[in-house]
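S.K.: Residue numbers (the numbering used here): 27 to 197.
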Ligand SMILES: [Cu+2]
């Protein structure tokens, strides 16, 4: 889908600082059109991914100075197509990954990067404390309770699912 935005026209106004509105109005339409740009292609999303329901989700509030933190989501898949979550990106971190958490043979807390997580048709994916988390690294800022964070989940079918998650103090 092609989307044309008016915003680039503001660039023309900035470049032409000093020009009167009347002069701007007289600019040939072709010149104006030449300054227009095609906006970024909207991220693809399949009907199956679009149908996913966010049952719950949040980003942990970051203590001062934190360089990484966890986010959690529970998704239900009402459709007949199994889906596979393969990664994510966020507005607040330079790097984000899927992490499984559990206990090692000695009973110690451990975590391990996951390549993907399946969301069965008619089933749920629970990325919740005790089982796993979305790990946000290289924080650009420390999200605080009351804020929201934009998270984009990526799927093996090429879909990108944008979510807005609240920030909560946890545990
Ligand atoms: Cu982790």
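Built from N, CA and C at the ideal position, the CB exists for glycine as well.
Only counting the same chain, and skipping five residues up and downstream in sequence, which positions put a Cβ closer than 8 Å to that of residue 163?
M.R.: Excluding residues within five positions, the ones whose Cβ falls inside 8 Å are 93, 94, 119, 120, 121, 122 and 123.
S.K.: Is residue 140 helix, strand or coil when you go by DSSP?
M.R.: strand
S.K.: Note the first and the last residue of the continuous beta strand (DSSP E) segment covering residue 122.
M.R.: In the DSSP assignment, residue 122 falls within the beta strand (DSSP E) that extends over 119 to 129.
S.K.: So which of 166, 151, 159 and 108 has the shortest CA-CA distance to residue 125?
M.R.: 159
S.K.: Any heavy atom of ligand 1 inside 7 Å of the beta-carbon of residue 86?
M.R.: no
S.K.: Would you list the residues whose beta-carbon is nearer than 5 Å to any heavy atom of ligand 1, in the order they occur in the chain?
M.R.: 125, 137 and 161
S.K.: Does the beta-carbon of residue 196 have 16 or more other beta-carbons within 10 angstroms, so that it is buried, or is it exposed?
M.R.: exposed
S.K.: Buried or exposed for residue 184, please, with buried defined as at least 16 other CB atoms from any protein chain shown within 10 angstroms of its CB.
M.R.: exposed
S.K.: Based on the DSSP output, what are the partners of residue 113 in its beta bridges?
M.R.: For residue 113, the pairing in a beta bridge is given by DSSP as 180.
S.K.: Quickly, what does DSSP pair residue 192 with across the bridge? List them, please.
M.R.: 174
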